[in-house]
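Working notes, beginning with the structure itself.
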Amino acid sequence: MNAPLAALPRKALAESACGASPVHESAVAHVTGQARYVDDIPAPAGTLHAAPVLSPLAHGRLLGLDASEALVLPGVRAVVTAADIPGDRWLASFAHDEPILALDEVFYAGQVVALVVAEDERTARAAAACVRLALEPLPAVLDVEQAHAQGHYVLPPVHLCRGDAAAALAQAPHRLRGRFRAGGQEHYYLETQVALAIPHEQDEWTILSSTQHPGEVQHWVAHALALASHRVRVQCRRMGGGFGGKETQAGHVAVWAALAARRVGAPVKLRLGRDDDMRITGKRHPFSYSYDVGFDAEGRLLALDLTMLVDCGFSADLSGPVADRAIFHADNAYFIPHVALHSYRCRTHRQSFTAFRGFGGPQGMLAIETILGDVARHLGLDPLEVRRRNLYDERPCPAWTAPLPPGAHPLPARRDTTPYQMRVEDNVLPALLPALAQRCRWHERRAAVAAFNAASPVIQRGLAITPVKFGISFTATQFNQAGALVHIYTDGSVLVHHGGTEMGQGLHTKVLQIVADELGVPLERVRIAASDTAAIPNASATAASSGTDLNGRAAQRAAAKVREQLAAFVAGLDGCGAGEVRFAGGWVSSPARRRAFDEVVREAYAHRIPLWAEGFYRTPKIHYDKATLTGRPFYYFAYGAACTEVAIDTLTGELRVLAMDILHDVGRSLNPALDIGQIEGGFVQGMGWLTTEELVWDEQGRLWTTGASTYKIPTAGDLPLRFRVELWPQPNREDNVFGSKAVGEPPFMLALSVWEAVRDAVASARRRAGLPADGPLPLDAPATPERIWRACHAA
Amino acid sequence: METPASPPTAAPPLILVHRGRVRAVPGVAPDETLLAVLRQRLGLTGVKEGCAAGDCGACTVAVADEAPDGTLRWRALNSCIRLARSVHGCAVWTAQDLTADPLLPGDGALHPVQQALVTHHGSQCGFCTPGIVMSLFVLDQQRPDGAPVTREQALRALSGNLCRCTGYRPILEAAQALSAQPPARADAARLRALLRQAAAIAGDDAAEHGEEAPAYLAPRTLAALLRARRRWPQAVLVAGGTDAVLQLTQQRRRWAQVLDVSRCAELARVLTVADETGAGRLLRIGAAATLHEAFAALQAHWPALAPYWERFAGQPIRHGGTLGGNVANGSPIGDSMPVLIALQARVALAAEGRAPRRLALEDFYLGYRRTALAPDEVLAWIEAPLPAPGEPPPRVAAHKLSKRFEDDISAVSLAIAWRLDEAGRVAHVRIGAGGVAAVPARARAAEAALLGQPWGEAAVRAAMAALQREFEPLSDGRASAAYRRAMLASLLWRTWLAHGGQPDGPSIRLDEPHAAERLLAATEVRP
């Protein structure tokens with residue numbers, strides 16, 4: 001087993017909280033059931049409950065709504081429709097293309113048309129089922145290929161081209177063409193979406209929301225209620241999981257609760273049942289790929305033409321940046337000289353697909369890893385060797401003298417530049433990948449698996465290593481900012497406000513460690529306040545893995561500022577330089593004297609020294625031109641690699657993931673236990689996306705997988721028996737807090753090794769069956785038993 | 001008596017043993033879930049609703065009661081789909097109670113299960129955590145002194161708990177770390193005393209009621225149950241409720257009157273009895289026996305079925321659901337019926353004033369979720385013939401295919417019981433199939449293709465073809481019709497490979513326990 005407790009450093013340095021592995025700041029509250037989520041917080045007396053009325057049609061004209069049957073039920077207070085919206089009836093989202101409640105048309109089965117407000121949740125839900133909708137069906141687009149064929153897009157297509165892919169493909173010694181699809185993914189945060197909207201005097205509001213982005217909830221609610229933002233305060237103590245699903249999607253729920261509360265003039269809670277949550281909210285974008293790849297006999301990529309049809313659902317939501325990130329990661333860790341990347345943002349009559357851990361990165365990287373697997377198999381080469389040969393490095397890029405097609409970027413001088421013209425300066429993969437191969441005994445196991453497969457008629461095994469290179473920063477540069485407040489009270493206790501939110505990832509714990517170290521006090525002296533728009537304005541979403549990078553640094557700066565104020569005060573008392581005053585272990589020491597931190601605080605207060613400060617951070621170096629899709633969208637890259645071994649049953653297609661070895665780069669770890677938790681959780685979630693988690697819609701476009709009985713996320717039994725995680729020992733080469741690297745999303749893509757291992761096993765099964773296996777395989781993701789079985793036997 | 005949304009009539013207080021005392025909760029409706037009572041009436045918001053369908057385990061609580069033999073029965077139950085009144089008189093714990101219950105050791109400190117989860121970084125968002133705590137708490141109550149917690153036990157205990165954050169590794173390690181210390185058990189003597197005190201207050205729901213319709217009936221005897229069934233035929237018949245309650249939580253129904261069979265003593269038992277000829281023996285499983293209890297009995301007689309039962313739902317469902325409920329529910333994808341059909345099981349249907357009638361299980365099903373149960377009848381027992389002394393027991397094999405190994409619903413299931421004569425011919429064969437018809441079905445054509453034939457590839461192939469001919473499976477989100485049809489053949493072929501075929505290569509089923517260990521051992525690369 002990986003990460004046995006004994007192996008975790010108890011304390012990296014004698015006096016440092018950063019680098020040690022203190023438990024999650026809410027761990028005791030979690031296990032004792034004391035940790036409160038929005039639905040657990042005692043609601044004000046008189047709180048009512050809302051339930052949504054959903055469109056049963058994927059596309060239709062809304063002719064009318066009959067709520068008479070619902071309104072007569074005991075306990076029902078009101079039915080809320082778009083007519084009750086005082087402000088803009090369209091949500092204040094980026095593209096401004098989503099009605100808050102359906103107007104005259106419904107765009108997907110599950111769209112919220114109205115809300116029923118009642119005295120209790122059960123009555124509200126029962127009444128919602130009694131509201132009759134008059135709908136006239138309209139033709140629905142339910143398939144991404146159909147949407148593309150009809151030019152049915154939510155946003156214009158994007159093309160990123162470098163060199164001349166068509167010409168280079170024509171000249172390439174080897175060439176493969178393939179198509180495949182990847183399914184979406186339900187977040188399945190254990191806590192469903194929930195908000196409590198509380199109206200106060202003078203049109204002031206408090207919204208308790210399970211959200212990754214309180215600032216956006218504030219903005220959206222104010223917009224819908226036609227209020228200035230300063231009248232709306234949004235708070236979130238914690239979420240029961242987010243994974244991107246509570247980035248924009250929480251905003252809808254909060255707006256609905258607020259509208260209902262305004263309508264009835266009382267606090268309203270809206271908590272979605274699991275089935276409604278799955279029907280209403282967006283999920284990971286499904287992708288459909290077609291590719292044409294040229295390569296040499298050693299497996300080096302020469303040219304790639306890749307088309308990604310992105311199923312965006314009915315509205316744009318975050319689909320633009322998600323699809324962009326898929327483009328930015330379609331290279332993963334590999335230099336491809338000539339590329340033509342085409343991304344179509346298709347509009348279908350389905351849930352509006354949204355942010356989900358990796359944010360398009362997994363879909364982009366799935367394409368190139370699949371292609372490299374195909375290339376290696378086509379040439380009969382070791383797939384790890386093929387991947388190594390294609391890694392970004394410093395070698396020169398062969399020149400291309402022919403004129404380029406219009407709009408194409410020129411080839412770079414060296415093989416270190418991405419298609420979006422960012423130099424890869426911090427690449428650790430040339431060292432990391434062989435290190436993992438050695439630790440997991442890649443070559444020996446390849447041979448052992450081949451020998452096993454040769455003698456096994458039913459069970460076939462597969463082994464794969466895939467690397468991860470994931471860009472860290474919001475691609476929209478403006479979001480890469482954060483603020484924090486550090487308050488010291490006169491008893492010496494410290495309270496930190498920052499703009500991030502806690503969804504389980506341990507952000508608050510890491511910020512706590514950072515601030516404790518900055519002030520030289522024990523962890524117990526510091527608490528993190530609930531996220532609150534009244535404390536930190538305009539905070540970005542806790543997303544893009546950037547929570548600690550941004551908020552941690554902002555909190556560090558705020559803490560440093562208070563410390564400097566205290567140091568100057570102590571220096572004045574002791575007649576020394578402020579730089580000579582040290583803060584450590586709860587003590588403040590000058591060359592003259594050592595005082596308890598609490599004592600210094602008391603004295604400073606008495607001398608009217610400010611005991612609080614704000615900190616602000618903006619990520620340096622990044623810039624990005626949306627028009628040309630070039631620049632440096634990422635401050636740095638996080639790297640990692642995973643080796644996975646699987647077994648499949650060729651009779652049934654059943655799959656078992658047997659073993660997994662990970663070597664992952666978190667820079668200098670702020671908290672190894674939390675980082676390993678993110679790596680393991682991300683890997684297992686990625687494994688679910690690629691194996692058991694299949695979203696199914698019926699022919700009418702209604703989601704069929706509306707609960708855990710039909711939608712299967714991994715269980716404990718799916719955990720590979722051998723599961724080893726190690727951290728790459730080097731600090732971030734960029735100046736990031738503590739030398740750490742972001743860890744939220746990158747490990748998700750380690751699970752691409754599961755996909756490649758499955759395909760390795762399928763290829764072996766096909767060879768045994770005398771079927772072609774030297775190129776693209778007939779397998780789509782997720783690799784369910786049925787799909788694996790078909791892939792083993794399809795001609 | 002189902003009405004869409006009208007609130008049902010009130011009932012006497014719900015009696016619970018909670019935190020070392022007997023507690024009365026007034027005004028609990030017959031169709032109120034235990035989760036709703038705990039969260040809304042007792043303020044125990046540490047119990048979470050993740051799915052309201054018994055699929056995620058966030059709502060798991062521990063429930064203890066006294067079995068008829070006086071032993072304490074510990075169960076982990078999904079409170080989201082458990083009717084609150086079904087635990088009338090029982091002791092209940094949530095994660096919030098473990099530091100507040102005077103019956104537990106530790107004097108308010110974290111329970112060892114809680115401490116282990118903290119120490120091992122077993123919580124991230126924390127929302128699934130209270131349920132995981134309770135699954136492991138029940139494991140800790142049940143394990144013998146000095147017995148370590150193995151990985152298999154931990155996986156079994158956690159089989160009904162989903163976690164979306166951690167990837168489970170630290171949770172499994174926390175569970176196994178319990179091995180280092182003795183179980184932190186509740187004080188059994190005080191608990192028994194409290195349960196008896198609660199029982200005295202709770203009274204007997206089977207007592208004669210006046211003319212007014214009682215909202216919640218839980219008769220203690222079969223006679224009282226049958227009388228209530230005849231008198232209140234409109235009452236919703238519930239055993240463990242693990243499927244029925246979904247009508248409340250998923251379809252937003254309300255029930256005005258419930259007839260709960262789970263307290264009926266005769267129906268809770270598992271017995272070995274003589275058959276009607278007096279010559280043979282029957283395993284008689286009461287319809288109110290939990291899945292856990294029923295599987296233990298079936299497994300004792302047919303050990304080869306053990307891995308199949310492990311894949312039936314998650315542990316809280318196995319603790320809460322009943323075999324009778326699974327059978328009576330009649331879902332074509334219910335997992336117990338194909339096996340019971342292969343074992344030649346019968347159902348005994350009882351009504352007041354008539355002798356129980358018996359039907360072969362395959363004849364009990366009339367159509368999609370339609371059974372032969374009359375409005376005044378109750379499914380009383382499921383009876384499977386046991387091999388006569390000296391007779392070789394039939395071989396059995398059971399297979400289940402689903403997207404996920406654990407806690408998933410079958411796309412296809414197939415169970416086979418067969419016996420060979422001395423010449424190696426098939427002297428007896430029964431095949432049950434699930435997921436391939438509107439009802440759990442017996443594969444008569446495939447049986448005919450095998451019966452009397454030498455057990456070998458030719459007969460198996462003929463039976464595979466017959467199986468594929470005799471069913472018309474449907475396509476749904478679990479699997480396509482074509483896959484289901486192909487799998488009927490694959491699963492029979494797999495049976496042959498494991499029982500006579502496949503001279504080369506290892507015979508490993510990926511759903512078997514220790515499959516991963518065996519496979520990794522087969523290619524172990526030594527440093």
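Respectively, the protein sequence lines represent chains X and R. Numbering follows UniProt numbering, with no gaps: position 271 of the first sequence is 271. Numbering follows UniProt numbering, with no gaps: position 99 of the second sequence is 99. Built from N, CA and C at the ideal position, the CB exists for glycine as well. Keep in mind it's a predicted model, so treat the numbers as computed, not measured.
- Inter-residue distance for residue 612/X and residue 713/X is about 45 angstroms (C-alpha atoms, whole angstroms).
- With a contact defined as Cβ atoms closer than 8 angstroms, residue 241/X and residue 190/X qualify at about 5 angstroms.
- DSSP, reduced to helix, strand and coil, places residue 311/X within a strand of the structure shown.
- Residue contact with chain R for residue 649/X: present (Cβ-Cβ distance below 8 angstroms to some residue of chain R).
- Spatial neighbours of residue 329/R in its own chain (CB-CB distance under 7 angstroms, excluding positions within 5 residues in sequence) are listed in chain order as 243.
- Excluding residues up to 5 positions away in sequence, 69, 70 lie with their Cβ nearer than 6 angstroms to the Cβ of residue 130/X in the same chain.
- Chain R has no Cβ within less than 8 angstroms of the Cβ of residue 257/X.
- Taking a Cβ-Cβ threshold of 8 angstroms, the residues of chain X close to residue 403/R are 692, 694, 712, 784, 785, in chain order.
- Setting aside the 5 residues that flank it on each side, residue 386/R is surrounded in the same chain by 272, 280, 281, 282, 283, 301, each with a C-beta closer than 8 angstroms to its C-beta; the list follows chain order.
- Put simply, the CB of residue 148/R is far from chain X, with every gap to its CB atoms at 8 angstroms or more.
- For residue 590/X, the closest C-alpha among the options 23/X, 93/X, 606/X, 572/X is that of 572/X.
- Between the alpha carbons of residue 645/X and residue 446/X lies a gap of roughly 10 angstroms.
- Taking a cut-off of 8 angstroms on C-beta distances, the region 119-134 of chain X touches the region 74-93 of chain X, as three or more cross pairs fall below it.
- Membership of residue 661/X in the beta strand (DSSP E) is indicated by the continuous run 655-664.
- Within chain X, the residues whose beta carbon sits less than 7 angstroms from that of residue 127/R are 37, 190, 191, 240, 241, listed in sequence order.
- When secondary structure is reduced to three states using DSSP, residue 97/R falls in the helix class.
- With a cut-off of 8 angstroms on Cβ pairs, the region 218-231 of chain X is in contact with the region 192-210 of chain X, counting three or more such pairs.
- Separation of residue 479/X and residue 540/X (C-alpha to C-alpha, rounded to the nearest whole angstrom) is 6 angstroms.
- Taken atom to atom, the span from the alpha-carbon of residue 585/X to that of residue 681/X is near 33 angstroms.
- Here the alpha carbon of residue 199/X sits roughly 31 angstroms from the alpha carbon of residue 187/X.
- For the set 346/R, 351/R, 453/R, the Cα lying nearest the Cα of residue 230/R is the one of 351/R.
- The CB of residue 252/R comes closer than 7 angstroms to the CB of 125, 126, 129 in chain X, given here in chain order.
- Residue environment for residue 440/R: buried (at least 16 other C-beta atoms within 10 angstroms of its C-beta).
- The C-beta of residue 623/X has fewer than 16 other C-beta atoms within 10 Å across all chains shown, which makes the residue exposed.
- Membership of residue 66/R in the beta strand (DSSP E) is indicated by the continuous run 60-66.
- The residues 54, 55, 279, 280, 351, 703, in chain order, have a CB closer than 7 angstroms to that of residue 110/X in the same chain once the five nearest residues on each side in sequence are set aside.
- Residue-level contact check: residue 673/X touches chain R, since one or more beta carbons of chain R fall below 8 angstroms from its beta carbon.
- Residue 160/R counts as buried, since no fewer than 16 other beta carbons sit within 10 angstroms of its beta carbon.
- DSSP, read as helix, strand or coil, puts residue 648/X in strand.
- The beta-carbon distance between residue 33/R and residue 249/R, rounded to whole angstroms, is 7 angstroms. This is short enough to meet the 8 angstroms contact definition.
- By the neighbour-count definition (other C-beta atoms within 10 Å, threshold 16), residue 621/X is an exposed residue.
- The beta carbon of residue 466/R sits closer than 8 angstroms to those of 443, 445, 446, 448, 449, all from its chain and outside the five residues before and after it, given in chain order.
- The Cβ atoms of residue 237/R and residue 338/R do not sit closer than 8 angstroms to each other.
- Secondary structure of residue 411/X (DSSP, three-state): coil.
- Taking 8 angstroms as the upper bound for CB-CB distance, residue 294/X and residue 95/X are not in contact here, some 36 angstroms apart.
- Under the DSSP definition of a beta bridge, residue 640/X partners with 468/X, 664/X.
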